[in-house]
Ligand code: SF4
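In my numbering, the protein residues as written are 1 to 385.
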């Protein structure tokens, strides 16, 4: 296929749905419980809701929306750190737009901006570098956020700043890593995941190899997946086919973009600038070993965490917020007590309602809201009866 609309062809979608349904007889465990497939990546969650994929699937498949949206898993304490940095009078704080509304314990970056902090939205870390060149009397901090997908661009920006001898540019590094997080999900006693759709953009950087532990050590099929509706349907079929044939492998549905060995120059830049943190705190999931990176010591002068003092406090999520249970697939987003009430995209209490890739925002924006809310109320009545 050559053009994007070919990946959205309803007739081809029908063929794939028929192929998925045809596997029913070959998967005996369906008789015991529905199969749970996790799409790790928030981009996949967005496609699933935008194109109404979930209702097309048979009821013996349950999609679990994983924690692969870096904005959604940012803990409150890190947002507070951003606000503290941004409120310094000598600082221009730069960030991607989707991080502006993530709630901290007292305010979001958007609220801090409204109160006078110099916070600017950028489209690339290079935009921040340009601001640093143009404002030599100010400190420009880039809020580095994202999985391995965005790490190469931040790493290359730091290398560029070093080459130019820019001393007023630094990163507040919140980059997180995919593999330890999938491992934490697999080790969680709450989880019963039968197979994974692996993140396509992350894989474009890291390649296929890092996912082999899922099939080799945990006996789960995993398919690297693209972001169009037919990509998702084909990958679901590929995971189910592995289950039907009693196979566990890493397969690459997104081979048109993902080279098996990943992106070598990108990986080299990451390796040069970053090293693994001992642990990183995730909203809703707690601390996960080795699930983030920090800057290597030789780049300390570009590291906002070392250059400035930050509160660095661990802040618990509000009690009514059930983001953690949603992220682990223990409850559906609409089952959260505050979904659609005190938590909406306009007034998000949890981060899953902020980003368009967050599972709660996806259900809120694309689901049948009255139906979902009445289903939750009905469930609550039954549970209290
Ligand atoms: S509805 Fe709000 S508080 Fe509840 S899980 Fe979703 S984002 Fe978190």
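C-beta atoms are modelled at their ideal positions from N, C-alpha and C, and glycine is treated no differently.
Straight-line gap, residue i to residue j (C-alpha atoms, nearest Å)
i	j	result
residue 214	residue 183	8 Å
residue 82	residue 199	27 Å
residue 134	residue 92	11 Å
residue 216	residue 177	20 Å
residue 67	residue 139	32 Å
residue 266	residue 204	10 Å
residue 246	residue 3	34 Å
residue 48	residue 185	21 Å
residue 168	residue 259	37 Å
residue 220	residue 36	11 Å
residue 389	residue 130	Any answer about residue 389 is impossible in this case: the structure gives the chain only from 1 up to 385.
residue 136	residue 282	35 Å
residue 252	residue 224	5 Å
residue 336	residue 323	8 Å
residue 32	residue 181	28 Å
residue 46	residue 356	7 Å
residue 299	residue 273	7 Å
residue 334	residue 162	47 Å
residue 319	residue 97	27 Å
residue 210	residue 311	34 Å
Boundaries of the beta strand (DSSP E) in which residue i is found, first to last residue
i	result
residue 281	279-282
residue 198	195-199
residue 175	169-175
residue 62	61-68
residue 225	222-225
residue 295	293-295
residue 120	119-121
residue 40	35-41
residue 95	91-95
Host alpha helix (DSSP H) of residue i (start-end)
i	result
residue 154	151-164
residue 384	369-384
residue 229	229-244
residue 267	264-273
residue 130	125-134
residue 109	109-114
residue 325	323-327
residue 286	Unbroken run through residue 286 is the beta strand (DSSP E), 286-289; no alpha helix (DSSP H).
residue 354	Note, residue 354: premise wrong, no alpha helix (DSSP H); not H, not E.
Beta carbon of residue i nearer than 8 Å to that of residue j
i	j	result
residue 147	residue 128	no
residue 132	residue 207	no
residue 42	residue 201	no
residue 7	residue 197	no
residue 285	residue 80	no
residue 151	residue 121	no
residue 294	residue 23	no
residue 292	residue 257	no
residue 358	residue 69	yes
residue 270	residue 279	no
residue 19	residue 237	yes
For residue i, the nearest candidate out of the options (CA to CA)
i	options	result
residue 156	168, 126 and 218	126
residue 306	339, 42 and 171	171
residue 164	275, 271, 302 and 196	302
residue 28	84, 379, 243 and 230	243
residue 296	159, 190, 65 and 121	159
residue 239	149, 61 and 123	61
residue 25	283, 5 and 58	58
residue 111	124, 84, 123 and 90	84
residue 10	230, 21 and 109	230
Okay, do the stretch 348-367 and the stretch 67-78 touch, 3+ Cβ pairs below 8 Å being the bar? yes
Does the stretch 357-365 come close enough to the stretch 373-383 to have 3 or more Cβ pairs within less than 8 Å? no
Tell me, please, whether the stretch 327-347 touches the stretch 104-120 by the rule of three or more beta-carbon pairs shorter than 8 Å. no
Can you pull every residue whose C-beta falls closer than 6 Å to some heavy atom of the ligand FAD, listed in chain order? Although the ligand FAD was asked about, the structure shown includes only the ligand SF4 as ligands.
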